[in-house]
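Residues -20 to -1, 1 to 343 (mature numbering (1 follows the signal peptide of the UniProt record, and there is no 0)) make up the sequence shown, in order. Below is one structure, written out as structure tokens, with a few remarks after it.
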Amino acid sequence: MRKVLVCGAAFAATCVSAVAVPGGAQATSPAPTPPASVPASPSAPPGGGPGTTPPEGAPTGVPGSQEPSASGTSQPVEPDGETDGTVSAEAVMVTPELPRARTYAYGKDRAQRVDVYWRKTEPGAAPRPAVLILHGGYWLHGDKAGWKYFARRLTEEGFVVLSANYRLAPRAQWPAQRDDAMSALAFLKDNAVRWNLDPRRVAVVGASSGGHLATQLGTFGTGSAQVRGVVALSPVTSPSLAYHDGGKPTATPSQRKLRGAVTALLNCAPGVSADEECLAKLEDSNSASHASTGDAPMLLMHTAGDFVPISHSNALAGALTAAGVPATVKGLDGDMHASGLLAGEKTYPTIVAWLKERLRPGS
């Protein structure tokens, strides 16, 4: 008898079973599936392909690189002819089904791009809730691609996910970043039918400076009219506080960098000698200054050693609570920052449970 060890891979190879086959039989596997081609979107311009800059507006841009095929297999491991014929192993790599993923432009600037992750639904299926992700990076750097694994996981929970880039400082100053976040949100809602999502059930997730933008979407104007909920990890809800903390003798290098980033974001140093225009931008960038009745409920999270202290979220939550808006602040152990909080065993389940509750039909 030959034994064939069959291994499956869900981002890592895991052996799941061993079966016996007659000694004279050959262990085989399906032939490798050819790589999937990268399709252009229905109205993509001729000659487009990966890396082509997509046009703005409706999702007519050329998609980004195609995700790996779900049906790919590895080549079999053949016997070397020197064995006794009793055992041969064949590894069959079974790649889990990945969501569809495409990149589109929501504006004219090269930074105004959004990655969309969604899973195919059957005709007539109910529209799904959606999540918009805003990356961090001191408003100076960072990219939507850093959130692709988190986005994929959320699609497994039934969400359509959009992960957006936005214009960065110092090339673009406040409120360009908030304007872009609002434009990405509008793009999501305007194209809801394309991805079978419910534009009335949208939440936003952001980390660090992206968490700042997420809280702005939840408070600026009538927050709940834009999004149903906000999850922010280590959000810099108050650039004023960040600037102040970064100037202390005890400030860490990250806090000093954040202080400089606030200056780059506002295009001014919001100190005691700042002019009226600078101070007006500083106040506008403070999410708590926009808190009012009708804003979006929030889940705000920090670790004990976060260089963006929990006082940022406590101040915002206090303003929201005073306006009658539910706001939960969670302090976690450790010193991780922003997306690093996801390493916590309970962080991801907490976020998913909160999103599902906020975005359930009729909530």
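Beta carbons are placed, not taken as given, at the ideal position from N, Cα and C, and that holds for glycine. Fair warning: this is a prediction, and the values are worked out from it, not measured in the lab.
query, result
"C-alpha gap between A156 and N294, whole angstroms", "26 Å"
"Secondary structure of G198, DSSP reduced to three states", "helix"
"Span separating the alpha-carbon of S218 from that of C248", "16 Å"
"Touch test, the region 150 to 167 against the region 295 to 309, Cβ-Cβ under 8 Å, three pairs minimum", "no"
"Environment of P233 [buried if 16+ CB atoms lie within 10 Å]", "exposed"
"Collapsed DSSP secondary structure at I331 in the structure displayed", "helix"
"Option in L321, G304 and E136 with minimal Cα separation from G311", "L321"
"Secondary structure of E62, DSSP reduced to three states", "With a pLDDT of 37 at E62, under the threshold of 50, the modelled position of this residue cannot be trusted; read the value that follows with caution. Here E62 sits in coil by DSSP."
"Which residues DSSP lists as bridging D95, in chain order", "T83 and S143"
"Alpha-carbon to alpha-carbon, K100 and residue 349", "Nothing can be reported for residue 349: it is not among the residues displayed for the chain, which extend from -20 to 343."
"Contained beta strand (DSSP E) runs [length at least 3] in the region 100 to 182, N- to C-terminal order", "108 to 114 and 140 to 144"
"Cβ pair P250, L238 closer than 8 Å", "no"
"Beta bridge counterpart(s) of V185 as assigned by DSSP", "I113 and V211"
"K88 to L165 span [Cα, whole Å]", "16 Å"
"With 16 other Cβ atoms within 10 Å as the buried cut-off, status of S17", "Interpretation of S17 is limited by its pLDDT of 36, a score under 50 that renders its predicted location unreliable; no figure is taken from the coordinates."
"Residue from S220, G227, V185 and P229 with nearest C-alpha to A268", "S220"
"Closest by C-alpha distance to L148, when choosing among V242, A303, T283 and V96", "V242"
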